[in-house]
Amino acid sequence: MTFDYLSYNLPVAEVVPEIREKLKDNNTLIVSAPPGAGKSTLLPLALAGEEWLGGDKILMLEPRRLAARSIAARMSDMIGEKVGESVGYRIRFENRTSGKTKIEIITEGILTRMLQSDNSLEGVGMVIFDEFHERSLFADVALALCREAQQVLRPDLRIVVMSATLDMPGLSKLLDAPVVDSPGRQYPVDIIYTGERDEMLMPELTARVVLRALKEQKGDVLAFLPGEGEIKKCESLLRSSAGDVQIHPLYGQLPQNRQYAAIMPDRNGRRKVVLATSIAETSLTIEGVGVVVDCGFGRTMKFNPSTGLSKLETVVISRDMADQRAGRAGRLGPGVCYRMWSRADQERLAAHRTPEIEEADLASLVLDMAVWGVTDISAMTWLTPPPKGALIQASELLHSLDALSDGRIADYGRRMQKLPCHPRIAHMLICAEESGTIPLAADIAAVLEERDPMPRETGIDINIRIEALRRYRNQKNENRAFERIEKVAASYRDMFGAKADNGPVSVFETGYLLVHAYPERIACARPGNNAQFQLSNGSIVTAGHQDDLAYESWLAVAHCDARDGLGKIFMASPLNPQDLKPLVKERDVIEWDRRRGGVVAHRELRIGSIVLQTKPLPSPDRELITAAICDAVTKDGESLLDFNDEVEQWQYRVLSLRKWHPDENWPDVSTGNLKENCREWLLPYLDNVTKADDLKKINLKEVLQFALDYSLQQQLEVLAPERIEVPSGSKIKIQYQANGAQPVLAVRLQEVFGLAETPRVNGGEMPLLMHLLSPGFKPVQVTSDLRSFWDNAYFEVRKELRNRYPKHVWPDNPWTEQAVRGARRRL
C-alpha cells in the first residue's frame, strides 16, 4: 500500500518520521495528540508500509462502533478504495474485511478472542490502541494480553497507545515506552460558563443554552447530553422553537443512516444542531461544528459486587472529558464552548474519568484471563488494577456456571468463552442447545443485549418483547429497533445452526432459560406480596403494582437495578416452580436468632436465600451450636457478654502493659479482637449455653484472666495491680486507660496525709495521676507530683476546703497529720 501522508494537511504528519524512527528500535510507543490531529486516520496509513511490519497487518482498536465504521470509511476514501479492501473493520456481528485487508479497525472483545485463538497473533505486526484515555474495560484487557504476548512470544509485535488526555508520564513508566507528542493545531476555543447545571431540568436548560448559542454564534452546534431520553426531550423542545435549523440526535442505538446524517454537513447548507451522548467526544469529526454546548453530565454503568447487580447512573463529568468536549469546537477553526456550570464548579471537577475496570462487571475479564492461563490476575500489566471484590464476585459466578473449577478454566468455560457475549448469556445458549430451545434462547439473548424496543408502559414481561420480535419476522414491517434485535438473534442462531421460531412463546420456557443466565435472580413473591419479591441472592426487588407480573408467585428476573433497600425489576418472565426442583438444596441451619435471643436449629429446603420449607432439628451437633454462638459473639459480643466495668478495667490493665512492654508477649485484649478470636478463649465455657441469659452468666473477667499464661497472670497483679493501698489503709481502685495513658488514682485528700511520693505502677516506671478529692468526693487537685503539692498548692486548697468543710481537719502540717479513712472531725 502506498500513501503520501504529506499531501494531507494534518498535524500528526509532522511527527510521522519520529514515530517511524522510534518504532524501529522500540516495540512499544505512546503517541500523545489532541483531537483533530489525524492520528486515527493518517497514522495507520503512514505506517502500513514499514519494513519491520514484514507485510503483516495493523489492528487498531476503537472504543465505539460508529467511530470504527467512520474511520474505516475515511481511511478508505483517503487511498481511493472501498471499505473492506486495504482498510476494513470488524465489530460485533459485522465484518467488512477481505483477504487483502492490511488495516483492520476492530471494537469490543474481538482482539481478546483473536489472542485466545492465536496467542502469538500470527500475521499481525502492530496493534494500535486508539482513544485509550476512554479507559474502556475491553481496551485494558486487550492491552494486558498484548503485553503478555509481546513479552513471551512476540517481541517483534509493535504496540502503539494513542491518546489525547491520558497521563502520559505514568503510562510511559508502566509500559517502559517512549512518548511522541504531536502538538496539533487545535484552534482556540472561548469558554463561556453559564452556571445553569441542574440534573432535574437538564433537557430544558440545554435547549435554552442551544438557542442562545444559535443566536450569539455562527456555525453548527454540538450539544452533549447523558443519554437517549434527555436527547429526545431536548430535540422535541428545539424543533418547536429553533426555526429553520436541522436537529440531529446522535447516540449508539441510532440507525446507521441517521448517525451519518448527524456527522455529515446538511445537503442544503442549513445550520444544524447535533444532540449527542459521549459517543461524539472523540474520533469522530462532525463537519461544520464550531460551537459546543456541554451540560456537564454523562452516564455510566456501575456494578455492585455484593449484589451482582449493575446500576446506570448519571454522573458529573471529569475535567479531561470537559476538555475533550470543548475541543470539538476548535477542530475546524476558532470556536466557542458553553459550559453549563460555573467556574467554581470547574475547579471541583475530578482530573480524570474513572476507568471502566473499577466499576464494571468483571466476569468476562476473569474468564478471558482463565482461558489465557492466568491465575494471578494482579500480576498482569494493568494501568488500573481490577478491584479485588469484583474479581471475587466474578470468580464465584463463573464457578457457579461451571466455567471454572478450583480457579482454573474448565472445558465448559472454554466453550463459553468462544461465544461473543457475556458468560451468563453464553451459559444460557449452551444449555438451550442441549434442550433444543436455541431459537427462543437466541431471541432472549438479543432482547437482553439490545435496547428495549417497547415503550416504558409495556411492563416488565420479556415475553411481550419476544412476541413482538416474532411478529416483526412474520410481517417484515419497517421497525429499526426490531431490525437491530433480529440481526443479533440471527447471528446467534447461525452459530448453532438453528432456524427462527415465529410461533407462540412458552413463558415458562423463557423463565427457565433466564434461570440459566441469572440463577441468583430467581424471585419468589414475599408474604403479603405488595408486588415485592425476594431474589435467591437475598435482595428484595419490586415490580410496579399495575404490572401484569406483579402478583406472580415466581419470576426469573433478567434486568433489575441495585437501588438502596428495594431494587426495581425492569425485565422478567414467569417461572413454573416445578422447573426449579433440580435447584432445591437441603441445608441444616444452626444459628443464633437475634430476635429470640438464642440458638435455633432447623433443616431447610431452599433455593439460594429463598427458604421453601423449615423443620426443627431434633438433636443438633453440639460443635455446630458452639460455632453458631461464637459467630453471634463475633458480631454482637458487647451486648451478649457481660462487658462490665471490672472487665473493662482488666482489659485496660493488660492493654497498658502491652503498650509499656511492646517486646513482651502481652496479648491484644481489646473488645474487637476478643470478639474476632472468641473461639480461642470462650469455647470451653459454652457447653451448656443455648440462650442469651446463659452468656450473661459467664464470669467474663475470670474467663479472660485464666486465658492468660500463668506467668502473665502473676505479672499483671504486680505490674498493673487493680488496687493500691494508701496511708489511711484503704485499698483504692486504679483507673487504667485503653491506650496505655497515665493511670488515675482518685482518692480523698485526707486519706493520703503524710504520703510524700506519688504512687507508681509498672515496676515504678509509671507514676499515677492523682485526682485528689474533697470530703464530698469532688476533685480539688490533679497532680503527678504529690511532694510538690504538699509543699505548695496544698495551702491554697486548704483555704478553700476549710471554708467549705469547716468541721473537718485541715492541718497546717500535712506531713505529720494522721491519714483518715472516714470523716474525722476537728476537735
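The opening position of the sequence shown corresponds to residue 1018 in my numbering, with each subsequent residue numbered one higher.
Where is the CB? At the ideal position from N, CA and C, for every residue including glycine.
Let me make sure I understand the geometry here. Which of the options has the alpha-carbon closest to that of residue i?
i       : options                            : result
HIS1788 : VAL1769, PRO1536, VAL1837          : VAL1769
LEU1218 : ILE1036, TYR1822, ILE1248, ALA1194 : ILE1248
TRP1677 : ALA1161, GLY1286, ALA1758, ASP1511 : ALA1758
LYS1599 : VAL1391, ASP1198, VAL1532          : Inspection of the sequence shows that residue 1599 is occupied by Pro rather than by Lys. If we check each option's Cα against that of PRO1599, VAL1532 comes out closest.
GLN1798 : GLU1782, MET1077, LEU1766          : LEU1766
TYR1355 : LEU1400, LEU1566, ALA1224          : ALA1224
PRO1172 : ASN1044, ILE1741, VAL1033, VAL1764 : ASN1044
LEU1699 : CYS1438, LEU1725, TRP1358          : LEU1725
LEU1597 : THR1643, LEU1629, HIS1265          : LEU1629
MET1095 : TYR1025, MET1077, LEU1132          : TYR1025
LEU1070 : ARG1490, ILE1120, ALA1339          : ILE1120
LEU1162 : LEU1138, GLU1500, HIS1416, ARG1152 : LEU1138
ILE1075 : MET1512, SER1087, GLY1140, PRO1272 : GLY1140
Going by the DSSP bridge assignment, what does residue i pair with across the sheet?
i       : result
LEU1762 : ILE1751, MET1787
GLN1798 : LEU1789
ILE1483 : For ILE1483, which the question treats as bridged, DSSP gives no partner whatsoever.
THR1559 : GLN1549, LYS1585
Are any of the Cβ atoms in chain D nearer than 8 Å to that of residue i?
i       : result
ARG1432 : Annotation note: the requested chain D is absent from the structure, which comprises a single protein chain.
Is the CB-CB distance between residue i and residue j below 8 Å?
i       : j       : result
GLY1305 : PRO1051 : no
GLU1495 : VAL1522 : no
LEU1384 : GLN1341 : no
TRP1807 : TRP1832 : yes
LEU1027 : LEU1059 : yes
ARG1696 : TYR1753 : no
PHE1850 : VAL1290 : Residue 1850 lies beyond the residue range present for the chain, which begins at 1018 and ends at 1844; the question has no answer from this structure.
ILE1123 : ARG1107 : yes
PRO1792 : TYR1822 : yes
HIS1369 : SER1335 : yes
SER1553 : ALA1573 : no
GLY1561 : ALA1548 : yes
PHE1020 : LYS1504 : no
HIS1619 : PRO1635 : no
ALA1506 : ASP1460 : yes
SER1180 : PHE1149 : yes
GLU1467 : CYS1438 : no
ARG1482 : PRO1472 : no
GLY1236 : VAL1308 : yes
ILE1296 : LEU1329 : no
Check for me: the beta strand (DSSP E) holding residue i runs from which residue to which?
i       : result
HIS1619 : 1615-1624
ASN1321 : 1314-1321
TYR1210 : 1206-1210
CYS1354 : 1352-1356
ILE1607 : 1602-1610
GLY1105 : 1104-1108
ASP1198 : 1196-1198
I'd like the list of long-range same chain contacts for residue i, defined as Cβ closer than 8 Å, with 5 residues on each side in sequence excluded.
i       : result
PRO1738 : ILE1751, VAL1778
SER1801 : GLN1759, THR1775, PRO1784, LEU1785, LEU1786, MET1787
PHE1660 : GLY1654, THR1688, LEU1717
GLU1102 : SER1093, SER1115, LYS1117, THR1118
LYS1056 : VAL1029, VAL1048, ALA1050, ASP1147, MET1179, SER1199
GLU1834 : PHE1770, GLY1771, VAL1826, PRO1828
Over the uninterrupted alpha helix (DSSP H) stretch that includes residue i, give me the two end residues.
i       : result
TYR1529 : 1524-1534
MET1281 : Segment: none, MET1281 is in no alpha helix (DSSP H) and carries neither H nor E.
GLN1363 : 1360-1365
GLN1630 : First-last for GLN1630: 1627-1633, but that is the beta strand (DSSP E), not the alpha helix (DSSP H).
PHE1499 : 1497-1513
VAL1664 : 1662-1677
MET1878 : A query on residue 1878 cannot be resolved here, the shown segment of the chain reaching from 1018 to 1844 and no further.
Note down, in chain order, each residue of its chain lying with its Cβ closer than 7 Å to the Cβ of residue i, except the 5 sequence neighbours on either side.
i       : result
TYR1204 : GLY1347, GLY1350, PRO1351, GLY1352
ARG1843 : Note on ARG1843: pLDDT 48, under 50, position unreliable in the model; no value is reported.
ASP1215 : LEU1222
LEU1023 : ALA1030
VAL1706 : ILE1646, LEU1712
VAL1158 : THR1129, LEU1382, ASP1385
ALA1443 : MET1433, LEU1436
PRO1637 : ILE1607, ALA1618
Spatial neighbours of residue i within its chain, please: CB distance less than 6 Å, with the 5 preceding and 5 following residues excluded, ordered by chain position.
i       : result
ARG1872 : Because the chain in this structure spans residues 1018 to 1844, residue 1872 falls outside the shown range and cannot be described.
ARG1175 : LEU1040, ASN1044, MET1143
LEU1583 : ILE1557, THR1559
ILE1036 : VAL1197
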